[in-house]
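Just so it is clear: in the sequence shown, position 110 is 112 by the numbering used here, and no numbers are missing.
Okay, structure first, notes after.
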Amino acid sequence: MENMSDKNPEVVEFGPASLYGLPARLEAQKIAFGPVVFQCVRAAWKNGLLAQLDQAGQVGASIEQLAEGNKTLSAYAISVVLESALSAGVVRREYGRYRLTRVGDNVLHDELTQINIDYVHDVCYQGLFALDACLREEKPLGLKALGGWPTIYQGLSALPEPARSSWFKFDHLYSDSAFPQALPHVFARQPRQLMDIGANTGKWSLHCLQHDPVVRVTLLDLPIQLAQARASLENAGLLDRAGLHSFDVLDFAAPFPGGMDAVWMSQFLACFSLEAIGHIFRRAANCLANGGAVWVLDTFWDRQKHDIASYCMINTSPYFTAIACGNSKMYESSAIIASAEANGLHLAEAIDGLGICHSLLRFEKRTR
């Protein structure tokens, strides 16, 4: 894969150059049948077929042998899903015997691939059927497949299973991976008052309180999220240095608590429109103590080292349109930086390559 940072930022392409030549029609059909292939490959994984082929090794296995050892699928059903998997390069077939490919090995063993598949299937798949209407109205009309909330954030802790588990695994895989590397940067400035906006289950706040025995953390979020955060902090014996504030950041007239040495937002701004992000930055700038900083940890698709990460980030955006809130996305860093700088802040530092695919942006209050 090419390094995204080595490319002309005005020219963005994914995939091998051959996709722009003769095989283009085949690639177009892969898009047309993409949802079908996705479901068949997932079925092959979830019903144990890929594990059976992994165990068979290079010898491989026939449809009949797989049917004998499979508790859920008939020979007919196995042939349907494996032929689709064959077309996707997940398996190969020689002399009637199927073998797992390196692509199939990733589906079977790679945590990132599995979490992404579960997230797309359990959280996004049914809701994306309404994407056309969601794009026109900029409302998460697909959310009704999961529940009756105005946005997904009011219902995160009440999502039906397996959507709830898949959502939190997806969120934590991406966010948690960068926390240990981000901590030294934030605490190099020795903040005594830190605010975690969009605290969710309180994982970052917990990291901070465990990392520094003096810091006090203010958590801002909706009540249903704060209830989980409170339980986590109480179980860790750290609730005495935490303040939990029920807060709707979309109430633009409501100021943030003041006197903050550090304001932290992790994978938070993607949940809002650019207009709302501007209001968030303006209030964040106003709540800073002298010398304070606003920290944004996020997965910006334009700052990724490899195309694979950019691909995953870009294709997470329709989830925000159809299911989360209707009017947000995975932003390019330039849009976020411009919003901050239009609302009283300036970019002081940018650190790429944290965790799986994160960048950490430090903003300070602009002085005139």
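Even glycine gets a Cβ: it sits at the ideal position worked out from N, Cα and C.
Asked                                                                                                                                                                                               : Found
Can you name the start and end residues of the alpha helix (DSSP H) that methionine 315 belongs to?                                                                                                 : 309 to 316
Using 10 angstroms around the beta-carbon of leucine 347, count the other beta-carbons present and answer buried if the total reaches 16, otherwise exposed.                                        : buried
Hey, is the stretch 334 to 341 in contact with the stretch 276 to 283, meaning 3+ C-beta pairs nearer than 8 Å?                                                                                     : yes
Specify the secondary structure class of alanine 264 as computed by DSSP and reduced to three states.                                                                                               : strand
Are the stretch 116 to 123 and the stretch 298 to 313 touching by the rule of at least three beta carbon pairs closer than 8 Å?                                                                     : no
Please specify which runs of the alpha helix (DSSP H), each continuous and at least 4 residues long, are wholly inside the stretch 213 to 270, giving them in chain order.                          : 225 to 237
Grab me the residues of arginine 94's own chain with a C-beta within less than 6 Å of its C-beta, minus the 5 sequence neighbours each way, in chain order.                                         : Arg101 and Thr103
Could you check if arginine 305 is buried or exposed, using at least 16 other CB atoms within 10 Å of its CB as the buried criterion?                                                               : buried
Please go through the same chain and pick out, in chain order, the residues whose beta-carbon is closer than 7 Å to the beta-carbon of glutamine 67, but skip the five residues on each side of it. : none
For glycine 50 and aspartate 253, what's the separation of their Cα atoms in angstroms?                                                                                                             : 48 Å
First and last residue of the beta strand (DSSP E) that includes asparagine 292?                                                                                                                    : 290 to 300
Taking arginine 364 as the reference, which of Phe283, Lys331 and Trp303 has the closest Cα?                                                                                                        : Phe283
Pull up the distance between the alpha-carbon of aspartate 170 and that of alanine 272, whole angstroms please.                                                                                     : The residue you asked about is not aspartate; residue 170 is phenylalanine in the sequence shown. Approximately 16 Å, taken between the alpha carbons.
By a C-beta neighbour count over all protein chains shown, 10 Å radius and 16 as the cutoff for buried, is histidine 360 buried or exposed?                                                         : buried
Is it true that the stretch 318 to 333 meets the stretch 260 to 269, where meeting means three or more beta-carbon pairs spaced less than 8 Å apart?                                                : no
Could you tell me the distance, in whole angstroms, from the CA atom of asparagine 5 to the CA atom of isoleucine 226?                                                                              : Residue placement at asparagine 5 is flagged as unreliable, the pLDDT there being 47, under the threshold of 50; the coordinate-derived value follows with that caveat. For asparagine 5 and isoleucine 226, the distance between alpha carbons rounds to 40 Å.
Just how far apart, CA to CA, sit glutamate 15 and methionine 332?                                                                                                                                  : Note on glutamate 15: pLDDT 49, under 50, position unreliable in the model; the coordinate value appears next. About 18 Å.
Using only the alpha-carbon positions, how far apart do glycine 91 and arginine 44 sit?                                                                                                             : 14 Å
Inspect the beta-carbon positions of arginine 285 and proline 259 and report whether they are closer than 8 Å.                                                                                      : no
Does the distance from the CB of isoleucine 325 to the CB of valine 251 come in under 8 Å?                                                                                                          : no
Among Trp206, Ala165 and His187, which residue has its Cα nearest to the Cα of alanine 129?                                                                                                         : It should be noted that the sequence gives glycine, not alanine, for residue 129. The option with the nearest alpha carbon to glycine 129 is Ala165.
Do the stretch 180 to 190 and the stretch 128 to 145 make contact, defined as three or more Cβ pairs closer than 8 Å?                                                                               : no
Please confirm whether phenylalanine 181 and tryptophan 206 have their CB atoms less than 8 Å apart.                                                                                                : yes
Count the other CB atoms within 10 Å of the CB of proline 215; is the residue buried (16 or more) or exposed (fewer)?                                                                               : exposed
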